[in-house]
Structures are given as structure tokens and as C-alpha cells.
Amino acid sequence: MFEELFSKRAKTMKASEIRELLKLVTNQDIISFAGGLPNPATFPTDELVDVCATVLREEGTVAVQYGTTEGVRKLREEIASRMKRTIGLDLGAENILITSGSQQALDLLGKLFLDPGDTAVIAAPTYLGAVSAFKAYDPNFITVPLDENGLQVELLEEQLKDLAKRFMLPKFVYTVPTFQNPAGVTMSEGRRDMLIDLSVEYDFIIIEDSPYEELRYAGDPIRPLVARAAERVLNLGTFSKILAPGFRTAWVVGNEELIRKVVISKQAADLCTNTFSQYVIAEYMSRGLLDPHIEEIRTLYSRKRNIMLKALDEHMPEEITWTRPDGGLFLWLTAPTYVDTKDMFPKAVKSKVAYVTGTAFYVDGRGLNEMRLNFSYTTDEDIERGIERLAGVLESEMRELDQE
């Protein structure tokens, strides 16, 4: 009815494939591995009751008034202090902007860097929320494949050489280097250093999305990119996975000059992030509650990851492969190339199990034989039952296609 009134940008907007899939999975009997939701058992509601009361009592109306665009200074200082302690990053509050979730940060960075036709490098597969945010600014996406050691930076180097010849060098490389969404893989030390070197040589920014950095269940931590080159990296962090997503509170940390520009971009978007949420989180952190809380989350999710991996080992046909993440919320399953997980999805729902099809995480239609599985939200018992159901669906699909 109003199509002729919409802007060109609005006409290119599409609903999230995951959100559309989730609408099909409303039946309570369906075991869903489709969402990326934190487990509500990890939300520290009892502690937050007292924290919220303290904030209202001590901060009063300030906590429920408009705030500065940069964010509540106490929270930014808490974040800076914690990053110095955990990853050795010695930056101050001026290097940090509080955003209304990481999704807003992605949109602001797309607005800041991209003109129509500009080159942006992303992984294949990659976080579809980033694609949605950047796509609004009409970039030319260049994709780099992943392997078990994360982004294949060696292939990126070859692409950069070619792009330089065509005067199409990227404005930025977007990456989730630690426990990547959707694949669960982690970029190696060597590739991280190589990516930093390439950013200097070819003059681009690195957007490092780190929502799962704290959720490690095995192996040794790997220093994030921002701790290696803060001048070249804009690092995104969030409280959604380590506290509660309802706060809609995240942050961007990096070069002060770049942060000032992102602040200006945010002023036009929403003036400021939820002030009350910021004061509550700052109080929660100042009490020393966050670290032990994250340990509890790790314990829960580690167990769930192990249950899913064990169930996959026991039930999946031998032709199926999957990643074995050391952390995060997801793993990535690959079927033989003749299997179409999109066509198979209604059959899976009929068998009362759901997943996200691989195509949702590519910009070019690839990933038909792949799927993302989430292990954080479902109960332990349902993880086992759901994987057994999914294995049955895959086995039936492969047998049926093999007979054609």
C-alpha cells in the first residue's frame, strides 16, 4: 500500500531469517536449537533486587534521568578497569562508548564507515545481525572462509592484493574471532597477528565483535585483537551474555578519535543508552559480583556443550561433521552437499526439533548443507532428545536422497 513512499534503503530491508524460523517453532513440544538465547537460569535476579534498590536509594533521580551519550562514567570506568585486569588493555573511560546492545554498535559503525559501494570484509559464514546492520548502507561485501582456526587470513591477504589493484580496499574487516557465531571456531594467535599487520599495510579498521570472549570452557585464553593494536581495532562487548540481555547494554572500546565519531553517530540515534541499566550494572560490578557470576555461567554452559557433543558422537550418521567449540553458545554442523537443510526444516519441525539453516549466515546463498545449533538454552534432557531426533531426520533425508 505504501511501497512507493519507502526509501531505497527500506526496500532492501528483510526480516531476520532466524526470527522468521522461530515463529514456526511456537509449539512447546518442539526442541529448539535455533535461538541464541542465554539461559534464564543464569540471570541473577535475587542479587539484582538489592542492587536496583541501592541504585534508586543512592543515585535517586539521576539514575532515571537522561544521561550523556558516552554513557555513565562509573560504568565506563568499571569496564576499563576490568579490561586492564583481564586482557592487559590500558585504556580509560574516554576510550569507551556505552551502546544500546551490540546490535546498535554495529549499526552505528556501518553508518560511520560505509558509503554505497564501499568494501566491507566479513567471514563466510558470519553473524547475520552484522550483515543486516551493514547492508542498510549498501556496501560491497567481500567474504573470507573459515576453518577450524577461524578466519582464513592467508586468503584475505590474497583478496586484499587484488582489491588494491582495483582501488577497492575495504573500510573495515568485521570478525568474531573468539567462539565465532555461527561456527564456534576461534582465530589462532598467528592469524590474529597477521590480521593486525594487514590492517596497517592496507589501512583498514578491524571491528572485533566479542560477545562470547568470557565464555571459555576449555583451552587457554587468546588475547583479543584490541589488546594487540588498540589504534586499529574497535572492540564490541556486551552484558547480554554475561549478565542479562534485557539490560540492552553493551560497549565499544578503541581509539579515542574513533570513539568520538561513534558518539556523534549515536547522538542522532537515541541520545543515550538506558541510564538506569547502566547504574545497575556499574553497582553490580563495583560489588565484585560479575566475576563469580561468569564462573557460574561457564559451569552451566560447559556442561550443556559437553552433553550436546556427546549426543552428536552417539547419534549422528558418520557422514555428518561438526565443530567442537572451546566456548561460546554454538556449534556448526555440516551434512553432505546433497542435503538441503532449508528443504529439510519442515520435516525437522514435524519431528519436533528445530535449528537454523546455514544459508542465514551467508550473503550469497551458500550453506544449504549446513546448520547452526545452540546449546545454552535447552534443558540437558532435551539436548539429548533433540539431537537424537535431528540425527533421525538427517538419516532419513540422506537415505531418501540416496535412493533418488
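Okay, so the sequence shown: first residue is 66 according to the working numbering, each after it adds one. Every residue gets a Cβ at the ideal spot worked out from N, C-alpha and C, and that includes glycine.
Residues bridged to residue i [DSSP beta-bridge criterion]
{"i": "Arg281", "result": "Gly392"}
{"i": "Ala315", "result": "Thr164, Thr303"}
{"i": "Thr386", "result": "Thr399"}
{"i": "Met436", "result": "Leu398, Thr422"}
{"i": "Leu211", "result": "Leu216"}
{"i": "Ser97", "result": "Ala419"}
{"i": "Val298", "result": "Ile271"}
{"i": "Phe232", "result": "According to DSSP, which records beta bridges pairwise, Phe232 is partnered with nothing at all."}
{"i": "Val238", "result": "Val186, Ile271"}
Close Cβ partners of residue i (< 6 Å) along its chain, the five nearest in sequence each way excluded
{"i": "Asp183", "result": "Pro204, Lys236"}
{"i": "Val318", "result": "Asn160, Ile161, Asn300"}
{"i": "Thr107", "result": "Ile362"}
{"i": "Tyr349", "result": "Val116"}
{"i": "Thr77", "result": "none"}
{"i": "Glu124", "result": "Tyr344"}
{"i": "Gln168", "result": "Gly194"}
{"i": "Val218", "result": "Arg256, Met259, Leu260"}
{"i": "Phe312", "result": "Phe304, Ser342"}
{"i": "Leu173", "result": "Val327, Ser330, Lys331"}
Cα-Cα separation, residue i to residue j
{"i": "Phe426", "j": "Leu156", "result": "33 Å"}
{"i": "Asn339", "j": "Phe178", "result": "25 Å"}
{"i": "Lys331", "j": "Cys337", "result": "8 Å"}
{"i": "His38", "j": "Arg281", "result": "A query on residue 38 cannot be resolved here, the shown segment of the chain reaching from 66 to 469 and no further."}
{"i": "Glu112", "j": "Leu211", "result": "40 Å"}
{"i": "Ile359", "j": "Thr151", "result": "13 Å"}
{"i": "Met409", "j": "Glu213", "result": "26 Å"}
{"i": "Thr110", "j": "Gln224", "result": "48 Å"}
{"i": "Ile207", "j": "Ile187", "result": "6 Å"}
{"i": "Ser72", "j": "Ala118", "result": "45 Å"}
{"i": "Glu278", "j": "Arg325", "result": "25 Å"}
{"i": "Lys471", "j": "Ser351", "result": "Nothing about residue 471 can be reported from this structure: the residues present for the chain run from 66 to 469 only."}
{"i": "Ile307", "j": "Glu465", "result": "43 Å"}
{"i": "Asp17", "j": "Thr444", "result": "Residue 17 falls outside the range modelled here, since the chain spans only 66 to 469, and no answer is possible."}
{"i": "Arg256", "j": "Met463", "result": "36 Å"}
{"i": "Pro276", "j": "Thr422", "result": "22 Å"}
Beta-carbon proximity list for residue i, same chain, < 8 Å, skipping 5 on both sides
{"i": "Phe496", "result": "Absent from the model: residue 496. The displayed extent of the chain is 66 to 469, so no value can be given."}
{"i": "Ile270", "result": "Phe178, Lys236, Phe237, Val238, Ser264, Arg297, Val298, Leu299, Leu323"}
{"i": "Gly132", "result": "Cys337, Thr338, Thr340, Gln343"}
Chain D within 8 Å of residue i, Cβ atoms only
{"i": "Lys236", "result": "Of the protein chains in the structure, only one exists, and it is not chain D."}
DSSP three-state assignment for residue i, whether helix, strand or coil
{"i": "Phe178", "result": "helix"}
{"i": "Ile187", "result": "strand"}
{"i": "Ile372", "result": "helix"}
{"i": "Val116", "result": "helix"}
{"i": "Thr55", "result": "No answer is possible for residue 55: it lies beyond the span of the chain, which begins at 66 and ends at 469."}
{"i": "Phe40", "result": "Examination of residue 40 is not possible in this model, given that the chain is present from 66 through 469 alone."}
{"i": "Val137", "result": "coil"}
{"i": "Phe341", "result": "helix"}
{"i": "Phe67", "result": "coil"}
{"i": "Phe206", "result": "strand"}
{"i": "Phe410", "result": "helix"}
{"i": "Thr251", "result": "coil"}
{"i": "Tyr366", "result": "helix"}
{"i": "Tyr131", "result": "coil"}
{"i": "Asp405", "result": "coil"}
{"i": "Gly457", "result": "helix"}
{"i": "Tyr349", "result": "helix"}
{"i": "Leu225", "result": "helix"}
Cut-off 7 Å between Cβ atoms - residues of its own chain near residue i, not counting five sequence neighbours on either side
{"i": "Trp316", "result": "Ile144, Ile161, Leu162, Ile163, Thr164, Gly302"}
{"i": "Val328", "result": "Thr134, Glu135, Leu162"}
{"i": "Ala170", "result": "Thr164, Leu301, Ala315, Val317"}
{"i": "Ala413", "result": "Ala419, Tyr420, Leu455, Val458"}
{"i": "Pro310", "result": "Pro103"}
{"i": "Val428", "result": "Val196, Phe206, Thr208"}
{"i": "Gly249", "result": "Thr388, Pro390, Gly393, Phe395, Leu396, Trp397"}
Residue i: CB within 7 Å of a non-hydrogen atom of the ligand SAM
{"i": "Phe304", "result": "For the ligand SAM, the structure offers nothing, since it holds no ligand at all."}
Beta carbon of residue i nearer than 8 Å to that of residue j
{"i": "Leu386", "j": "Thr402", "result": "Reading the sequence as shown, one finds Thr at residue 386 and not Leu. For Thr386 and Thr402, no; Cβs fall outside 8 Å."}
{"i": "Ala283", "j": "Asp391", "result": "yes"}
{"i": "Val137", "j": "Ala347", "result": "yes"}
{"i": "Glu254", "j": "Ile287", "result": "yes"}
{"i": "Arg388", "j": "Glu435", "result": "Per the sequence presented here, residue 388 reads as Thr, with Arg not at that position. The answer is no: Cβ separation not under 8 Å."}
{"i": "Thr424", "j": "Leu438", "result": "no"}
{"i": "Gly215", "j": "Met252", "result": "yes"}
{"i": "Tyr202", "j": "Gly175", "result": "yes"}
{"i": "Pro242", "j": "Glu273", "result": "yes"}
{"i": "Ala158", "j": "Arg147", "result": "no"}
{"i": "Arg293", "j": "Asp268", "result": "no"}
{"i": "Leu228", "j": "Val209", "result": "no"}
{"i": "Lys417", "j": "Asp94", "result": "yes"}
{"i": "Glu460", "j": "Pro382", "result": "yes"}
{"i": "Gly100", "j": "Tyr442", "result": "yes"}
{"i": "Arg431", "j": "Ile96", "result": "no"}
{"i": "Ala376", "j": "Glu453", "result": "yes"}
{"i": "Arg295", "j": "Leu121", "result": "According to the sequence displayed, residue 295 carries Ala and not Arg. Going by C-beta atoms, Ala295 is not nearer than 8 Å to Leu121."}
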